[in-house]
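Scroll down for the structure; my scribbles are underneath it.
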Amino acid sequence: MIIKKGISASPGVAIGPAFVLDTEDYRIPRRTVEPSQAPEQLRILDAALEASRQELAELRVATARRLGEQAAMIFAFHEAFIAEPGLRRAIVQLIERQHYTAAFAFSNEMNRRQREFRAVADAYLKERVKDLQDVERRVLRNILGRAREDITRLTQPVIIVAHDLTPSQAVSIDRAHVLGFALNVGGQTSHVALIAKLRGIPAVVALNDITSDVTGGELLVLDGSHGIVVCDPDDANVERYRESQAEHRRQEIHLKQFRGLPSVTRDDVRVTLHANIELPEEVDAAIEAGAEGVGLYRSEFLFLAATRPPTEDEQYEAFLDAVKRVKGAPIVIRTIDLGADKISAAVGPSRDPNPDLGLRSLRYCLQHLDLFKQHLRAILRASAAGDVRIMFPMVTTLMELRQAKATVADVMEDLEEDGIAFRHDVPIGMMIETPAAALLSESFAREAAFFSIGTNDLTEYTLAVDRANERVAHLYAPHNPAVLRLLRMIIDSGAAAGVPVSLCGEMAGSPLYCKMLVGMGLRQLSMAPQDIPEIKRVIRSTTLPDCQEIARRALGFDNDRELLNYLRDVTREDDPERL
Ligand code: PEP
Ligand code: MG
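To convert a position in the sequence shown, counted from 1, into this note's numbering, add 12.
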């Protein structure tokens, strides 16, 4: 039995046999043919290209239906890539002049293109390499007539074990037969993690070398909530996880009853629960789960799946769709937060040797004002239809906040001149996710309409720990006393200035931290929709003095391990069956 610790990417427990994806390229049986067989190879090539094109068109339509137009654009890119005449021309030359087989010629040309992309050492192009590999596998499968990696036609439920999954693999899997994903690489915000969450598939990423530790058919336990995979578990472990799987399901049913109930403590203190969303259609699930609005709309997802920047109208349509779906409730649209591991094929930061500290997020927008203004225009136009609020990510200096607000003012003037409706008093707030912004929160509170604490990044930057790097994952702790002291500072600055403070990092959705955060003074939390019922349950079970006592004691620790043990004890007392 081996226990592997990765990063939790999508919650839930899965138990089942491993299906290890072959990470090797297709083995090509023959490299050359007699010159007289060239026409036959050309026919094979054309048939495979056409079959691949048809598959991609179907996949594009199905993805658009299931996950929206933006997600489907990735396959439009694959289609366009295959249809590009230069690609076929290069392969035909290899077949005719070098007498290569169709498979070898195609693979050769694809390798050459991938090498070109890699040579630029550009994060943006690296993401494209994955797409090229995806296209390569598809066409080779059609040439060689084998379906070794076809996970769309599984016959029994399995846990997929892979180095990584391409976007097309992740969306096209047969949900009925996939119990979970266990991947060597990736972070909480990687494509596959997001798709897994959207489709309710438990997933653990950043497991390092799980593909070499596991053989096909071996029994696995995958605990997506805690980022753990147990390989070849003993009977006791299987039993234990079966119980927690059943418990997870019981809890889901039990928690449904909290949906319609107010989010108040036993002594009547209201804690507003909002949802974090990535796509407009997620609003429905958020409201269904009991969200009172959207506290964080990660608008960059419009750009992430796209192969060209979405136009102002396309952005407007998406924002309007989300605004209409929340039906008058508040919706905080965060301006695009591209960069670090959120790399867009269409636009955005690249070429940074250290992307987390580079030209990302608001910094990028402020240097690309045309793109930023177009984005703000789309948000402001949508603001006429509801209670829209604008929020800037990754603010580090006061100057950035001022520049960003001045840009909004410019865009408002333009809209005014064009006679286009928008909400004139749209609240403009900011995320506090850099230690600099936390330390200067008193000053920021004079200029921002609201704060939302991004503990995912605040933890990363305070502790100097990459949140997607499994080798330092043990140091990544939002409950580190250093982070908590910054939270204290931000909450106090907000309270002193009358600026509402919310928290929208993953921490907000964990029952472990809920009472402490309320005790520290937070009255608004924003989280993944599926976390809302559980957090509401915790809030309805407690009182403010209880929470304040927990916060007081928590802030007394100077060691994150001891503090974690303390929070675990308190949570266990609250609900002994859960931990
Ligand atoms: C955060 O950093 O806490 C946050 C909510 O933003 P994101 O996870 O999108 O970086
Ligand atoms: Mg962030």
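In this text, a Cβ means the ideal position worked out from N, Cα and C, and glycines have one as well.
With 16 other Cβ atoms within 10 Å as the buried cut-off, status of residue i
i: H436; result: exposed
i: D146; result: buried
i: M406; result: buried
i: P545; result: buried
i: N288; result: buried
i: L369; result: exposed
i: R580; result: exposed
i: L491; result: Note that residue 491 is His in the sequence shown here, rather than Leu. H491 comes out buried.
i: A508; result: exposed
i: P47; result: exposed
i: A304; result: Correcting the residue identity first, residue 304 is Glu in this sequence and not Ala. E304 comes out buried.
i: P274; result: exposed
i: G510; result: exposed
i: L144; result: buried
i: G18; result: buried
i: E574; result: exposed
i: A258; result: exposed
i: T419; result: buried
i: Q110; result: exposed
i: S20; result: buried
Near the ligand PEP: residue i beta-carbon under 7 Å from a heavy atom
i: T408; result: no
i: C526; result: no
i: R310; result: yes
i: C243; result: no
i: G533; result: no
heavy atom of the ligand MG below 7 Å from residue i C-beta
i: D469; result: yes
i: E445; result: yes
i: G510; result: no
Alpha carbon of residue i to alpha carbon of residue j, nearest angstrom
i: I465; j: L452; result: 13 Å
i: P367; j: T347; result: 18 Å
i: G80; j: L314; result: 10 Å
i: D37; j: E67; result: Interpretation of D37 is limited by its pLDDT of 44, a score under 50 that renders its predicted location unreliable; the figure taken from the coordinates is listed afterwards. Whole-angstrom Cα-Cα distance: 20 Å.
i: P365; j: P447; result: 22 Å
i: L383; j: E518; result: 29 Å
i: F592; j: A50; result: There is no way to answer for residue 592, as the model of the chain reaches only from 13 to 591.
i: S311; j: Y328; result: 11 Å
i: Q269; j: Q542; result: 14 Å
i: G398; j: L291; result: 17 Å
i: I601; j: L156; result: Since the first residue of the chain shown is 13 and the last is 591, residue 601 is not available in this structure.
i: L374; j: Q53; result: 51 Å
i: D279; j: L556; result: 7 Å
i: P119; j: A95; result: Looking at the sequence provided, one finds Ser at residue 119 rather than Pro. Computed Cα separation, rounded: 16 Å.
i: V197; j: D426; result: 45 Å
i: V283; j: G272; result: 14 Å
Span of the alpha helix (DSSP H), counted from its first residue to its last, around residue i
i: Q257; result: D247 to L267
i: T223; result: I222 to D225
i: Y473; result: T467 to L475
i: V335; result: E324 to V338
i: R109; result: P97 to Q110
i: M403; result: No alpha helix (DSSP H) contains M403, which is instead part of the beta strand (DSSP E) from V400 to F404.
i: D572; result: D572 to D586
i: V495; result: P493 to A509
Residue range of the beta strand (DSSP E) that includes residue i
i: C243; result: I240 to C243
i: M424; result: Unbroken run through M424 is the alpha helix (DSSP H), L410 to D430; no beta strand (DSSP E).
i: T284; result: T284 to I289
i: I19; result: I19 to S22
i: Y309; result: V306 to R310
i: S514; result: V513 to L515
i: V530; result: Where V530 is concerned, there is no enclosing beta strand (DSSP E), although the alpha helix (DSSP H) it sits in stretches over P523 to G531.
i: R346; result: I343 to R346
i: R538; result: The question names Arg, but residue 538 in the sequence shown is Ser. It spans Q536 to M539 - the beta strand (DSSP E) in which S538 sits, taken as one unbroken run.
i: A215; result: A215 to V217
Neighbourhood of residue i by C-beta, 6 Å cutoff - its chain only, sequence neighbours within 5 removed
i: V513; result: F463, I503 and G506
i: A461; result: P439, I440 and G441
i: D469; result: E445
Sequence-distant residues of its chain with Cβ nearer than 7 Å to residue i (five each side left out)
i: I562; result: K527, M528, G531 and V582
i: N154; result: A60, A63 and S64
i: A394; result: Y328, F331, L332, V335 and V400
i: V295; result: I289, V306, A334, R337 and V338
i: I56; result: A114 and I155
i: A298; result: A287, I289, V306 and P541
i: P523; result: E546, I547, V550 and T583
Beta carbon proximity, residue i to chain D, threshold 8 Å
i: N468; result: Chain labels in this structure do not include chain D; a single protein chain is all it has.
Neighbourhood of residue i by C-beta distance below 8 Å, restricted to the same chain and skipping five residues each side
i: M13; result: V242, C243, D244, P245, D246 and N249
i: E230; result: P29, A30, C243 and D244
i: L410; result: L452, S455, F456 and E459
i: A301; result: R271, A287, P541, Q542, I544 and P545
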